[in-house]
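>
Structure follows, in C-alpha cells:
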C-alpha cells in the first residue's frame with residue numbers, strides 16, 4: 303500500500319517536470335505563444351515557482367522569462383498574475399541557477415517600457431538584484447547587471463532608483479572581474495545609468511568607474527571596447543568637467 307501511494311507522488315512529480323520542460327521548450331518558438339497564453343500558461347506556471355523540486359522552480363522561471371521576453375502584453379500578464387513578488391522573494395532564498403532564471407524574468411519584463419520597469423521596481427526587485435551582484439557566481443552577477451541596466455535605461459527616475467539601491471559601486475567591482483561577458487554587460491549597465499543626466503554620470507564617476515573603464519579601450523574584444531567607449535562618451539557628454547575626468 304505504501305509503495306503504491308509513493309508511486310502516485312512520483313507520477314505527479316514526473317508530470318510536473320514534463321509539463322514545465324515542455325512549456326519552456328515550446329516558449330522558444332513564436333508560433334506557440336498565443337496558444338499557450340490562451341491555455342492559461344501564466345496561472346499554471348505561477349505555483350511551480352514555489353515547487354518543492356528545485357529543477358521545476360528553475361524551469362518554470364525560465365519559461366516565464368521566455369514568455370515575457372516576447373511582448374509587452376505577456377510581460378504585463380506576468381505583472382498581472384502577481385508573479386514578480388514571488389520571484390523577488392525567491393531571489394534571496396534560492397540557489398544560483400534559480401537566481402539567474404529569476405533575474406532573466408525581471409529583465410524580460412523591464413525591457414519593454416518604463417511602466418513595466420517601474421512594476422519591477424515596485425515589486426522590491428532592486429534590492430534583490432543588487433544583492434545578486436555580490437554573488438560568487440559570475441553568471442548570477444551578469445544576469446543581475448543586465449536586469450539593472452534595462453531598468454535604468456528607460457528614464458532618469460528609474461536610473462536614480464538603481465543608484466539609490468546601491469548598484470553602482472558593485473557594478474564597478476563587476477567590471478574588474480575577469481569574465482569578458484560580465485565586463486560587457488556591466489559597462490552597458492553603467493552606460494544606461496550615466497546617459498540620463500550630469501548627476502547620474504557623476505554618481506558613476508564618484509564610484510571610481512572611469513579608472514577601470516578607460517584601460518579597457520585597449521582590450522582585444524571588440525564588443526567590450528564598443529560598450530566601454532559608449533559608456534565613457536555618455537559620461538563625457540554632460541559637461542566640460544565630466545569630459546575632463548574621462549580625458
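In our numbering, the protein residues as written are 303 to 549.
Glycine is no exception: its CB is placed at the ideal position from the N, C-alpha and C atoms.
1) So, for residue 391: in the same chain, excluding its five sequence neighbours on each side, which residues have a beta-carbon less than 6 Å away from its beta-carbon?
2) Which one of 372, 499, 474 has the shortest CA to CA distance from residue 518?
3) So the alpha helix (DSSP H) residue 539 belongs to, where does it begin and stop?
4) Cβ of residue 310 within 8 Å of Cβ of residue 351?
5) For residue 492, which option in 529, 457, 328 has the closest C-alpha, if you only look at C-alpha atoms?
6) Which residue wins for smallest C-alpha separation from residue 501, given the options 461, 487, 486?
7) Give the straight-line distance between the Cα atoms of residue 313 and residue 307, rounded to the nearest whole angstrom.
8) Given that a residue counts as buried once 16 or more other Cβ atoms are within 10 Å of its Cβ, and exposed if not, what is residue 507?
9) For a test of your reading of the model: does the CB of residue 338 fall under 7 Å from any non-hydrogen atom of the ligand FAD? Yes or no.
10) For residue 478, count neighbouring C-beta atoms within 10 Å of its own C-beta (all shown protein chains included) and say buried if the count is 16 or more, exposed if not.
In short, the structure shows the following:
1) none
2) 474
3) Here residue 539 belongs to no alpha helix (DSSP H), and DSSP marks it neither H nor E.
4) no
5) 529
6) 461
7) 10 Å
8) buried
9) Among the components of this structure there are no ligands whatsoever, and the ligand FAD is therefore not found.
10) exposed
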